[in-house]
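Here is the structure we will look at.
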Amino acid sequence: MQLKSSQLKLSMLALASGSLLSAVGASAAEGTDWQAEAAVLYYGELDRVTALEPVINLKRIWSPEQIASATLVLDTLGGASHNGAAVVDSPQTFAGSSGSYAASSDEGDDDDDDDDDGGEQTFAAGEVPLISGFEDFRMALDLAYTQPLNTPLNTISVGTALSKEEDYLSIGVNGGLAAELFSRNTKVSVSGAAAYDRIAPEDGIPQILGDSLTAASTLNSADKWVGEYTLGLTQVINKISIVQLNYNSGKSSGYHTDPYKIISRLDSAGVPVDYLNESRPEQRAKQSLYSALKVALGTHSLTASYRYYWDDWSVVAKTSDALLRFNLSERLYLEGHGRWHQQTKADFYQLWLAEAEVPDYASADHRLGDLQTQTLGLNMGYQFSDNQAVTFRTEWYHQSDPVTGNKAAQMDAVISQLGFKMVF
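Next up, the structure:
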């Protein structure tokens, strides 16, 4: 099941603000040899996907400018996922090992993974087709290394990433340069990343806009190439505040279609006629602007950020994020977190197609539709000693379609994470 996107992971304000705004539970001082972090994340959607994700990170620290790290992530996912079929006023039945086709002419389906028993699943009139029974496992490994370049004020970073699922493989590399100027009050950076993705569903790559029940698979696998770069500026404003600005641009070429998604074709009465495999363009260009401000409020701090994203699929997204941190003592802190996100739909996104309609591109995947999400959470951390700390966070996530009220896009989730850090 494909639930990720290849993307360069950039360091945020912490890189520039570590010496300015110290925090409870911060990393050990210069001269530390090893640092280990472990965390377990739980993500649970109501009546949909559930994920459990252990993460282990190990760092070798020679100096603040010379660090090597390795991160291992293991994901276990399961539950139910919308296949793309429209919500209609009549029952629908779907079948197949992946739930990706209709069991009769009135029904259609596609799910993000394999149905355990390969049997039929029937949904009542007005019910969202959530195909249950899928399970997936992902393993990801990230390696990174940063070292000074000529002087400690200039650094070079390189990294590589590997992610593997039963039907999906992603291999990526990244690198960057950074320089600190004007008595280390200004930091400029440039970085880039490239990735190769391959998806190989068990039943092969479905025929684009072919009938999901009768059209034969055309290929065993499909590929995609991704490349992007980021320009960054971090500036110390005064003794209590730092601002960061980033510009990101990326392009991808190849197979963007989700092989597990379908789209309904309805007659004039709103009754399903058939179900087609979805189709997305083979090219995508995206850009984004990111800004962040971190301010010390006495012994506490506020971090606020805003991101504006746009691409040539007509998706425009705006994301605001705020984190208010209260240092209750030298060892204990609490953080309140809020996030608001809104996006417009892709130009080929449709809830369904007319009976005889066969466009070049069409998708009913609500992730490409009009979306509005809110996240509210609470984080806490406690430092047992100079070398050990524990963190915990829990968040509530709500998602909806504010334009059409699409029931498939309406979803609530709970996110919880427990982490432990050790320096030795």
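Under my numbering, read the sequence shown as residues 520 to 943, first letter to last.
For each residue, glycine too, the CB sits at the ideal point set by N, CA and C.
Quiz prompt | Three CB pairs or more closer than 8 Å across the stretch 724-744 and the stretch 677-684 | solution = no
Quiz item: Using the rule of at least 16 other Cβ atoms within 10 Å of the residue's Cβ for burial, across every protein chain shown, is Asn767 buried or exposed?
Solution: buried
Self-check item: C-beta contact flag for Asp716 and Ser736 at 8 Å
Solution: Not closer than 8 Å, so no.
Self-check item: Coarse secondary structure for Ala604, derived from DSSP in three states
Solution: coil
Quiz prompt | For Gly729 and Gly857, the rounded distance between their alpha carbons | solution = 42 Å
Quiz item: In three-state terms, what does DSSP make of Ala644?
Solution: coil
Quiz prompt | Cβ shell of Ala927 (< 6 Å), same chain only, five flanking positions each side left out | solution = Once the five neighbours on either side are set aside, the close Cβ partners of Ala927 are His601, Val647, His885.
Exercise. At 3 residues or longer, and completely inside the stretch 657-700: list those beta strand (DSSP E) runs for me, N to C.
Key: 670-683, 687-700
Practice problem: Express the C-alpha separation of Gly694 and Ser538 in angstroms, rounding to a whole number. | Solution: The pLDDT assigned to Ser538 is 31, lower than 50, so where the model puts this residue is not dependable, and the model offers no usable value.
Practice problem: Within the same chain, show all residues whose beta-carbon is closer than 6 Å to that of Ala698, passing over the 5 residues directly before and after it, in chain order. | Solution: Asn673, Val707
Quiz prompt | Candidates Asp786, Glu572, Gln891, Val933, of which the one nearest Thr838 by Cα | solution = Gln891
Quiz item: Between which two residues does the beta strand (DSSP E) carrying Trp744 extend?
Solution: Element bounds for Trp744: 741-757.
Quiz item: Which of the three DSSP states, helix, strand or coil, is assigned to Leu887?
Solution: helix
Quiz item: So does the stretch 806-824 actually touch the stretch 782-790, counting three or more Cβ pairs closer than 8 Å?
Solution: The stretch 806-824 is not in contact with the stretch 782-790.
Exercise. Within the same chain, show all residues whose beta-carbon is closer than 6 Å to that of Met930, passing over the 5 residues directly before and after it, in chain order.
Key: Glu564, Gln918
Quiz prompt | Three or more C-beta pairs below 8 Å linking the stretch 846-860 and the stretch 896-906 | solution = yes
Self-check item: As assigned by DSSP and simplified to three states, the class of Ala587
Solution: strand
Self-check item: Helix, strand or coil at Lys926 according to DSSP, with G and I counted as helix
Solution: helix
Quiz item: Is Tyr779 buried or exposed, if buried means 16 or more other CB atoms sit within 10 Å of its CB?
Solution: buried
Quiz prompt | Inter-residue spacing [alpha-carbon to alpha-carbon] between Thr913 and Asn898 | solution = 7 Å
Quiz item: If you draw a straight line from the alpha carbon of Ile718 to that of Ser798, how long is it in whole angstroms?
Solution: Separation of Ile718 and Ser798 (C-alpha to C-alpha, rounded to the nearest whole angstrom) is 15 Å.
Quiz prompt | Chain-order list of residues whose beta-carbon lies under 7 Å from that of Asp608 (same chain, five-residue window excluded) | solution = Ala644, Gly645, Gly789
Quiz item: DSSP puts His819 in a beta bridge; with which residues?
Solution: Beta-bridge annotation (DSSP): His819 is paired with Leu816.
Self-check item: Through-space distance from Asn846 to Leu660, alpha-carbon basis
Solution: 33 Å
Practice problem: Go to Asp840, then tell me how far its beta strand (DSSP E) extends in each direction, as first and last residue. | Solution: 835-846
Quiz item: Would you call Ile756 buried or exposed, if buried means 16 or more other Cβ atoms sit within 10 Å of its Cβ?
Solution: exposed
Quiz item: Are Pro667 and Gln585 closer than 8 Å when you measure CB to CB?
Solution: Yes, the Cβ-Cβ distance between Pro667 and Gln585 is below 8 Å.
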